[in-house]
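In order, the protein sequences belong to chains Y and L. Counting in the numbering used here, the first sequence runs from 1 upward without gaps. Counting in the numbering used here, the second sequence runs from 336 upward without gaps. What follows is a set of notes on a single structure, which appears directly below.
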Amino acid sequence: MGRTATKMRNNSYKIPLAGILLIGSLILIRIFSKHNFDLPTKIQDFITLSSSVIIEALPFVLLGLALSIVVQIWLPDNLLLRLLPKRTVPRRIVLSFLGIFLPVCECGNVPLARGLMIRGLTVSESLTFLLAAPILNPITIITTQQAFGSDSTILIARLAGGFMIANIVGWLFNGYKKSSDLLTADFETSCKIDHKITNQEHSKFKRSIEVFTKEANVIVPALFFGGFVAGFVQVAVPRSILVELGSDPVLSIFAMIALAFIVSICANVDAFFALAFANTFTTGSLVSFLIFGPIVDIKMLSLMRTTYKRRVLVTVTLITTLVSACLGLAVNYAF
Amino acid sequence: MRFKSWLQNYQGITLIAVAGVATIWLGATRQLGLYIHPRYNIFSLVACGIGLLAVAWAFGSISDKNNRKNKLSYVGLLIIALSVFNLLIIGPTTLSSDIANQRGVNSAANTDVLAKLSNADVISPFGSTSFTQLSIKDWASLLSQTNDNAFFVGKQASISGFITKDETDPNNRFFVSRFVVSCCAVDARPIGVPVYFPDWQRNYEPDQWLAVEGKFEVNNDKIALYMPKIDLIDIPRDAYVY
């Protein structure tokens with residue numbers, strides 16, 4: 001007993017030391033590294049673009065990890081499930097608006113959705129939350145209103161689109177009884193094991209650190225991979241090809257959907273980016289951009305793949321494309 | 336083998352440590368603006384600071400059983416290596432004129448959303464402000480608002496930016512350009528003011544940063560700053576405009 005206690009005390013001293021040593025080494029690498037390499041400009045641009053995606057998104061992912069830890073470890077058992085309506089349709093409708101209370105951008109919502117599933121949400125409910133939250137949240141609403149204040153059609157169509165896609169996808173996957181059809185094997189296993197076995201073993205703080213490490217191991221490499229691919233595509237695909245299609249009521253919609261997929265911009269500020277295209281692109285195509293981008297882009301697909309099977313991602317992409325294109329066309333021809 | 340096992344357990348938090356250190360170093364050296372809009376600076380620095388604290392605690396506190404199912408593929412190793420190289424070894428810099436040309440300097444989609452206005456309307460937003468005080472973004476907006484070259488002739492501009500070739504007349508004209516950023520460098524949109532300077536490539540090259548002072552004149556029906564005074568400058572801390 002005494003030896004175990006001594007061993008535990010020794011371990012507790014080692015923990016921060018190992019981490020501090022690693023972080024210190026990284027700081028030294030940064031300070032003493034040679035700053036000016038004569039890299040070809042395309043490679044330098046790839047580095048700048050992919051680094052900017054990672055540096056911009058990482059804080060949101062960390063916030064999402066923190067909320068996921070709160071949901072998994074610190075919230076009382078079943079609190080969330082008790083608060084939600086019992087019937088599936090009203091339950092999904094309520095989950096669509098959960099983003100109002102947890103305004104994390106889309107990258108941070110992935111770890112949060114994983115945490116919600118570990119605490120009992122079904123796959124379809126997690127998808128409803130994940131797809132609605134980036135659009136139906138106060139920051140996105142305020143920035144969209146600021147950017148397109150004079151045209152409330154865009155904000156209303158955006159909110160309606162986000163709500164519709166989230167609930168259609170949730171309804172479609174509600175029929176699946178076996179979560180193994182929809183979830184990756186690793187995540188399905190952690191849904192079954194983690195909560196029950198480890199709950200009583202350690203303190204809440206230690207469990208929080210364990211969840212942080214385990215979730216970071218899954219989510220963060222996916223974010224970096226998505227960032228590298230987004231950076232590469234930005235350098236390789238000339239944006240001007242898409243911009244030339246701006247005035248066509250149909251082609252402009254698909255051009256803006258393709259742009260949203262490539263750019264992988266954060267939902268909280270994408271309205272300001274879209275604003276710059278208002279002069280040359282149809283209003284409907286801006287609506288499509290603002291609905292599609294927060295749900296499906298290179299970075300998000302990479303992050304979602306950590307949790308959901310490929311068939312889920314294909315379905316989400318198809319429905320999101322269809323709904324955002326239909327709403328875009330409706331705006332172009334009706335207003 | 337031990338190194339591989341170590342990385343299997345720690346690849347996620349290693350990547351957080353790499354990006355966290357890079358972000359805080361960029362913030363400390365006031366270069367974070369090369370990657371993200373300044374509105375995110377405080378949030379990013381606080382989040383990364385807390386993230387690094389969590390990483391410090393997490394290292395060594397997890398047993399192998401927690402992550403025994405994680406597989407470290409060659410892709411995983413490549414991601415870690417690329418991240419260290421990109422974020423910690425390579426020095427930060429702005430996007431190049433290649434990206435500006437690829438996205439189209441002053442393409443209609445890159446300038447602010449303003450309807451075509453008459454000359455009087457163009458002037459009024461700036462009131463009696465001296466034109467030399469207008470920023471490069473102001474000039475790019477004005478150039479997008481009117482095709483009436485007479486409005487610009489004789490007006491003095493004092494701006495700075497990097498050289499981007501004017502593809503329509505690469506021997507005689509270039510743009511003094513900047514990127515406008517809404518969120519991060521990925522959404523950067525190039526804007527610029529045209530400069531008429533025959534055989535400019537004898538003295539200058541694309542991507543060089545310049546401070547330019549001169550007057551607008553018309554050449555071959557195109558408006559541009561005509562043979563302005565040019566000084567080479569270092570890349571400024573606020574390289575992007577917002």
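The beta carbon of each residue, even a glycine, is placed where N, CA and C say it ideally should be. The model shown is predicted, which means the values in this text are computed figures rather than measured ones.
(message) From the DSSP secondary-structure annotation, give me the bridge partner or partners of Gln491 (chain L).
(response) Beta-bridge pairing links Gln491 (chain L) to L:Lys550.
(message) 7 Å is my cut-off, CB to CB: does Ile565 (chain L) come that close to chain Y?
(response) no
(message) Under 8 Å, with one C-beta from each stretch per pair, do the stretch 90-106 of chain Y and the stretch 128-145 of chain Y reach the 3-pair mark?
(response) yes
(message) In the DSSP output, what is Lys564 (chain L) paired with across the bridge?
(response) L:Glu548
(request) Could you tell me which chain Y residues have their CB closer than 9 Å to the CB of Leu477 (chain L), listed as they occur along the chain? (result) The contacting residues do not exist; Leu477 (chain L) stays about 15 Å from chain Y at best.
(message) Quick check on Ala236 (chain Y): buried or exposed, where buried means 16 or more other Cβ atoms within 10 Å of its Cβ?
(response) exposed
(message) Which of the three DSSP states is assigned to Pro111 (chain Y) in this structure?
(response) helix
(request) Pair every Cβ in the stretch 306-313 of chain Y with every Cβ in the stretch 326-334 of chain Y, then say whether three or more of these pairs are closer than 8 Å. (result) no
(request) Spatial neighbours of Ser432 (chain L) within its chain, please: CB distance less than 8 Å, with the 5 preceding and 5 following residues excluded, ordered by chain position. (result) Phe497, Ile498, Thr499, Lys500, Ser512, Pro541, Asp542
(message) I need the straight-line Cα distance from Leu422 (chain L) to Thr358 (chain L), nearest angstrom please.
(response) 9 Å
(message) Tell me the residue span of the alpha helix (DSSP H) that contains Phe514 (chain L).
(response) No alpha helix (DSSP H) holds Phe514 (chain L); the beta strand (DSSP E) holding it covers 508-515.
(message) Residues in the same chain with beta-carbon distance under 7 Å from Ala166 (chain Y), minus the five sequence neighbours each way, listed in chain order, please.
(response) Same-chain partners within the cutoff: Ser96, Thr128, Leu131, Ala132.
(request) Please confirm whether Thr315 (chain Y) and Ile295 (chain Y) have their CB atoms less than 7 Å apart. (result) No, the pair does not count as a contact, with Cβ atoms beyond the cut-off.
(request) Would you mind telling me which residues of chain Y sit closer than 8 Å to Trp392 (chain L), beta carbon to beta carbon, in chain order? (result) Ile15, Pro16, Gly19, Ile209
(message) Threshold first: 3 residues or longer. Then list the beta strand (DSSP E) segments lying entirely within the stretch 84-108 of chain Y, N to C.
(response) none
(request) Would you verify that the beta carbon of Ile498 (chain L) is, or is not, closer than 7 Å to some beta carbon of chain Y? (result) no
(message) My output table needs one value for Ser459 (chain L): the three-state DSSP class, helix, strand or coil.
(response) Bear in mind that the predicted position of Ser459 (chain L) carries a pLDDT of just 48, short of 50, making it too unreliable to give a figure here.
(request) Note down, in chain order, every chain B residue with its Cβ under 8 Å from the Cβ of Phe228 (chain Y). (result) The structure shown contains no chain B; its protein chains are Y and L.
(message) Is it buried or exposed, Val530 (chain L), if we count other Cβ atoms within 10 angstroms and call 16 or more buried?
(response) Buried, by the Cβ-count rule.
(request) Please check if any C-beta of chain L sits within less than 7 Å of the C-beta of Ser51 (chain Y). (result) yes
(request) Reducing DSSP to helix, strand and coil, say where Phe497 (chain L) ends up. (result) In the structure shown, the three-state DSSP call for Phe497 (chain L) is strand.
(message) Counting C-beta neighbours from all protein chains within 10 Å, is the total for Ala363 (chain L) 16 or more, i.e. buried, or is it exposed?
(response) exposed
(request) Consider the Cβ of Ile298 (chain Y): report whether some Cβ of chain L lies at a distance smaller than 7 Å. (result) Closer than 7 Å: no.
(request) Give the DSSP-derived three-state secondary structure of Tyr13 (chain Y) in the structure shown. (result) Caution is warranted here: a pLDDT of 47 is assigned to Tyr13 (chain Y), below 50, making its placement in the model unreliable, and the coordinate value is therefore given only provisionally. Tyr13 (chain Y) falls in the helix class under three-state DSSP.
(request) Please classify Pro373 (chain L): is it buried, with 16 or more other beta-carbons within 10 angstroms of its beta-carbon, or exposed? (result) exposed
(message) Quick check: the Cα distance between Leu303 (chain Y) and Tyr561 (chain L), rounded to an integer number of angstroms?
(response) Roughly 51 Å separates the two Cα atoms.
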